[in-house]
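*Asks:* Heads up: the sequence shown at position 16 corresponds to 22 in this note's numbering, and the numbers run straight through without jumps.
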Amino acid sequence: MSGERAADARAALQEAGARLRGLPLAALTGAGCSTDSGIPDYRSPGRQARTPIQGPAFVRDPAVRARYWARSLAGWPRFAAAAPNAAHLALADLERRGALSALLTQNVDRLHRRAGSRSVLELHGALEDVRCLGCGDQTDRAGLQPRLEAENPAICDWIARQEAIRALQIAAQQAPDGDADLPDALIAGVVAPDCRRCGGVLKPDVVFFGDNLPPERTQAASLAIDSAGALIVLGTSLQVWSGWRLVRRAAERRLPILILNRGPTRGDDLATWKVEAGVAEGMAAMISALISPDQP
7 MSGERAADAR
17 AALQEAGARL
27 RGLPLAALTG
37 AGCSTDSGIP
47 DYRSPGRQAR
57 TPIQGPAFVR
67 DPAVRARYWA
77 RSLAGWPRFA
87 AAAPNAAHLA
97 LADLERRGAL
107 SALLTQNVDR
117 LHRRAGSRSV
127 LELHGALEDV
137 RCLGCGDQTD
147 RAGLQPRLEA
157 ENPAICDWIA
167 RQEAIRALQI
177 AAQQAPDGDA
187 DLPDALIAGV
197 VAPDCRRCGG
207 VLKPDVVFFG
217 DNLPPERTQA
227 ASLAIDSAGA
237 LIVLGTSLQV
247 WSGWRLVRRA
257 AERRLPILIL
267 NRGPTRGDDL
277 ATWKVEAGVA
287 EGMAAMISAL
297 ISPDQP
């Protein structure tokens, strides 16, 4: 971003922060909130288009499940090691100060919770949780990793070779679903995990593309918007219905709406302010105006 554009973005964010000060804020976050933590997004400018996991296909097709778990085996260690960045910490601080009434996230990385946010509604679930589609048994994704490694040594050997070749750099390109790109030849022979309790299909407890949000989450998100005095939208293009409907609801209630995102979004025409900037840098520019000097 040029110096002039950066100055314009800072000025707009400071104006928005000053006008929003004292209002109970609801925040809606997307993948752009986590890019500074090393987790890529789907649609940022210049990013190669990628076909996301489709929920119905995962349920009905063993090959789709095998492909997902193979890529998850490769991508999980780096995904699990990601740490909250300045944007996550700023939102947790706003909640602590009483300025944030609700935090709604489309992300499945659980970084908001790690940053210290308490009242987080994870619209799409979290990859840390795995659920059996047969008996409903819940398990921890981190605990599944050793089993995947033991049952799929070829993938582990390939990753080790790539790390050696690339001087301990990442073996496979990180992907937004907590997985990573792998050669098709490796994926063909993968052993996908099943439920140790009933032998059923294991699925990360997330809402994949093509899945529906649980009704109770939809209702809770709507109530959060109805209780807010303004909405800040951070790092999402709003192409997914779960986020877009909340911006529309805020607009119908005539709430002030700030959208902070790199690139256009589906809600730009509804925004009171649309600012092109990264979320972490944008929050830093806005928060000094948003927080009253006499607040603890």
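We put the beta carbon where it would ideally sit given N, CA and C, even for glycine.
Would you grab the beta carbon distance between Gly273 and Val253 for me? Rounded to a whole angstrom, and I think it's under 8 Å.
*Replies:* With 8 Å as the limit, Gly273 and Val253 qualify as a contact, their Cβ atoms being about 4 Å apart.
*Asks:* Roughly how many angstroms lie between the CA atoms of Arg124 and Tyr74, to the nearest whole one?
*Replies:* Cα to Cα, Arg124 sits roughly 30 Å from Tyr74.
*Asks:* Using only the alpha-carbon positions, how far apart do Pro30 and Ala256 sit?
*Replies:* Going from the Cα of Pro30 to the Cα of Ala256 covers about 13 Å.
*Asks:* Tell me the DSSP secondary structure of Gly23 in three-state form.
*Replies:* Note: Gly23 maps to helix in three-state DSSP.
*Asks:* Once the 5 residues before and after Ala22 are set aside, which same chain residues still bring their CB inside 7 Å of it?
*Replies:* Once the five neighbours on either side are set aside, the close Cβ partners of Ala22 are Leu264, Trp279 and Met292.
*Asks:* Hey, how far is the Cα of Ile193 from the Cα of Pro46?
*Replies:* Their Cα atoms are separated by approximately 22 Å.
*Asks:* Quick check on DSSP: helix, strand or coil for Ser294?
*Replies:* Correct three-state label for Ser294: helix.
*Asks:* Would you kindly report the start and end of the unbroken beta strand (DSSP E) that includes Gln144?
*Replies:* From DSSP, the beta strand (DSSP E) with Gln144 extends over Gln144 to Asp146.
*Asks:* Going by C-alpha to C-alpha distance, which of Asp14, Gly28 and His94 sits closest to Gly36?
*Replies:* For the residues Asp14, Gly28 and His94, the minimum Cα distance to Gly36 belongs to His94.
*Asks:* How would you call Leu229, buried or exposed, if buried means at least 16 neighbouring beta carbons within 10 angstroms?
*Replies:* Looking at its Cβ environment, which holds fewer than 16 other Cβ atoms inside 10 Å, Leu229 is exposed.
*Asks:* Compare the C-alpha of Ala121 against each of Thr111, Gly140 and Asp99 and name the closest.
*Replies:* Looking at the Cα atoms, Asp99 is the closest of the given residues.
*Asks:* Nearest-angstrom Cα distance between Arg66 and Ala72?
*Replies:* Distance between the alpha carbons of Arg66 and Ala72 is about 12 Å.
*Asks:* Considering only C-alpha positions, which residue in the set Ser43, Gln168 and Val70 is nearest to Val196?
*Replies:* Measuring from the Cα of Val196, the nearest candidate turns out to be Val70.
*Asks:* Quick check on Arg259: buried or exposed, where buried means 16 or more other Cβ atoms within 10 Å of its Cβ?
*Replies:* The residue in question, Arg259, is exposed, as its Cβ has fewer than 16 Cβ neighbours within 10 Å.
*Asks:* Can you give the beta carbon distance from Leu110 to Ala32, rounded, assuming they're within the 8 Å contact cut?
*Replies:* With 8 Å as the limit, Leu110 and Ala32 qualify as a contact, their Cβ atoms being about 7 Å apart.
*Asks:* Report the start-end ranges of each alpha helix (DSSP H) in the segment 127-168 that is 4 residues or longer and not cut off at the edges.
*Replies:* Here the runs fully enclosed are 147-157.
*Asks:* Do Gln151 and Trp82 count as a contact pair if the criterion is CB distance below 8 Å?
*Replies:* It is a contact, given that the beta carbons lie within the stated cut-off.
*Asks:* Of the residues Leu244, Glu101 and Asp115, which one's Cα is nearest the Cα of Ala89?
*Replies:* Measuring from the Cα of Ala89, the nearest candidate turns out to be Asp115.
*Asks:* If you draw a straight line from the alpha carbon of Leu275 to that of Thr224, how long is it in whole angstroms?
*Replies:* Before going further, note that residue 275 is Asp rather than Leu in the sequence given. Approximately 23 Å, taken between the alpha carbons.
*Asks:* State the DSSP-derived secondary structure class of Ile265, mapped to helix, strand or coil.
*Replies:* If DSSP states are grouped into helix, strand and coil, Ile265 belongs with the strands.
*Asks:* Would you please verify whether the beta carbon of Thr224 is less than 8 Å from any beta carbon of chain C?
*Replies:* Annotation note: the requested chain C is absent from the structure, which comprises a single protein chain.
*Asks:* Apart from the five residues just before and just after Ala277, which ones in its own chain have a Cβ nearer than 6 Å to its Cβ?
*Replies:* Hits under 6 Å: Ile263 and Ile265.
*Asks:* Please classify Gln112: does DSSP put it in a helix, a strand, or coil?
*Replies:* Note: Gln112 maps to coil in three-state DSSP.
*Asks:* Suppose the cutoff is 6 Å on Cβ atoms and the five residues either side in sequence are ignored; what does the same chain contact list for Ala148 look like?
*Replies:* Answer for Ala148: no residue qualifies.
*Asks:* Considering only residues of the segment 70-117, which uninterrupted beta strand (DSSP E) runs meet the minimum length of 3 residues and lie entirely inside it, listed in chain order?
*Replies:* Runs of the beta strand (DSSP E) inside the segment 70-117: 106-111.
*Asks:* Could you check what DSSP says for Val281 in three-state terms: helix, strand or coil?
*Replies:* Val281 falls in the strand class under three-state DSSP.
*Asks:* Use the C-beta contact count for Gly216: other C-beta atoms within 10 angstroms, 16 or more gives buried, fewer gives exposed.
*Replies:* With fewer than 16 other Cβ atoms within 10 Å, it is exposed.
*Asks:* To which residues of the same chain is Leu19 closer than 6 Å at the C-beta, ignoring the five residues directly before and after it?
*Replies:* Once the five neighbours on either side are set aside, the close Cβ partners of Leu19 are Val281, Gly288, Ala291 and Met292.
*Asks:* For Ser248 versus Ser107, is the C-beta distance shorter than 8 Å?
*Replies:* Contact flag unset, no.
*Asks:* Is the separation between the beta-carbon of Thr242 and that of Leu34 shorter than 8 Å?
*Replies:* Cβ distance < 8 Å, so Thr242 and Leu34 count as in contact.
*Asks:* Which residue comes first and which comes last in the alpha helix (DSSP H) that contains Leu252?
*Replies:* First-last of the alpha helix (DSSP H) with Leu252: Trp247 to Glu258.
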